[in-house]
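The structure appears right after this line, and notes come after that.
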Amino acid sequence: MPPKPCSPACANASPARPDAMDFLITTLLNALTLISILMLVGLGLAISFGLMNVTNLAHGEFVTVGAFAVYFVQSMGGSFWLGLAAAPIAGAVVGCILEFAIIRHLYSRPVSTVLATWGVSLILQQGLELTFGLGAKPVTPPIEGTLDLIFTVYPAYRLILIGIAMLTLLGVILLISRTSFGLDIRTVIQNREMAEGVGINTRRTYAIAFTFGAAIAGLAGGLVAPLAIVLPQMGVNYLANAFFVVIVGGVGSIGGLVAGSVFVGGLTSILNYQISPSLAQAIVLLAAIVAVRLRPNGLFNGASR
């Protein structure tokens with residue numbers, strides 16, 4: 070499930086500081102934390118859903134695999150940073166196997182892809198449960214303290230998470246806009262037949278892109294592991310939110326991904342302070358439906374119609 074918001078009380082707010090400013094900054098940072106996680110999870114889904122038109126219901130399990138990679142490394146005596154480095158590798162391995170064994174054979178059969186990936190998600194959940202057992206797995210953050218931000222104090226690890234997420238997003242933007250592989254991806258998105266006509270190996274592009282998306286989701290799982298309850302079923306909530314992000318923001322656009330993440334993550338963070346998480350999730354879903362109805366092409370991509 071999404072990370073629990075850090076309240077001003079848990080951030081050790083000082084009575085001398087303005088309570089309203091303390092609350093506002095803490096709420097904004099909580100929202101930015103959730104937005105950062107949703108951006109990473111949505112990046113991977115946007116690649117498979119936007120580039121390949123594959124509805125991958127096992128995408129949330131890439132997040133779970135990344136979280137369990139961090140837990141496994143720590144349980145073996147390794148550091149959190151070593152586990153975080155292993156998280157995208159674990160996600161990429163699982164994604165590569167899934168694409169090679171199943172996805173590539175079902176590109177022209179979208180309904181079969183939905184059923185197959187749903188089955189894979191259940192298999193991965195059960196496999197993790199059989200391997201690591203029942204119950205939540207503890208993951209210790211690399212930094213326990215807080216940082217003084219003048220008007221409030223905030224957990225240092227959450228700020229690190231935000232920084233890593235933003236650097237990852239910048240790296241993906243540079244990869245897509247400045248490299249030959251990024252050019253291949255953009256060409257395939259615009260016109261697959263034309264891409265094949267100019268000599269682009271679309272099957273290889275699909276495989277690399279799918280694996281890369283799984284690696285980013287694994288990184289997201291590793292980053293969120295110290296803040297969330299690490300369970301074999303934890304990826305389900307991230308899958309639903311990632312689809313909201315991609316569809317609301319606009320498929321096939323980094324700007325749309327950011328807009329969708331801000332919409333879903335910001336609204337969820339604000340509502341979590343006022344109502345129960347389940348009701349907040351329902352309201353976010355309703356708001357997403359309204360947004361898609363008013364802007365069918367996404368908040369960023371298209372005009373209303």
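Take the sequence shown: its letters are residues 70 to 374, numbered as in my numbering.
Don't be surprised by glycine CBs; every beta carbon is placed ideally from N, CA and C.
Please read all numbers here as calculations on a predicted model, not as lab measurements.
Item: Separation of A283 from F312, as counted between CA atoms; Value: 15 Å
Item: The alpha helix (DSSP H) enclosing Y223, as first and last residue numbers; Value: Looking at the DSSP string, Y223 is not in any alpha helix (DSSP H); the run it does join, the beta strand (DSSP E), is 222-224.
Item: Under 8 Å between C-beta atoms of S105 and I277; Value: no
Item: V299 - DSSP class collapsed to helix/strand/coil; Value: strand
Item: Residue environment, G325, which counts as buried when at least 16 other CB atoms sit within 10 Å; Value: buried
Item: Under the three-state DSSP convention, the category T186 falls into; Value: helix
Item: Secondary structure, alpha helix (DSSP H): runs of 4+ residues fully inside the segment 229-317; Value: 249-259, 261-266, 271-293
Item: Residues near S190 by beta carbon distance below 6 Å, same chain, minus five either side; Value: L126, A127, E130
Item: Other residues of its chain near P84: CB distance less than 8 Å, five sequence neighbours each side excluded; Value: Here P84 scores only 45 on pLDDT, less than 50, and its place in the model is too uncertain to base an answer on.
Item: N-terminal and C-terminal residue of the alpha helix (DSSP H) that I216 is part of; Value: First, the amino acid is wrong: residue 216 is Leu here, not Ile. Where L216 is concerned, there is no enclosing alpha helix (DSSP H), although the beta strand (DSSP E) it sits in stretches over 215-217.
Item: Beta-carbon proximity check, V320 vs S330, cutoff 8 Å; Value: no
Item: Local Cβ density within 10 Å of A89, reported as buried at 16 or more and exposed below that; Value: exposed
Item: Presumed contact (8 Å Cβ cut-off) between T209 and P295, rounded CB distance; Value: 7 Å
Item: The segment 175-184 in contact with the segment 234-254 per 3-pair CB rule at 8 Å; Value: no
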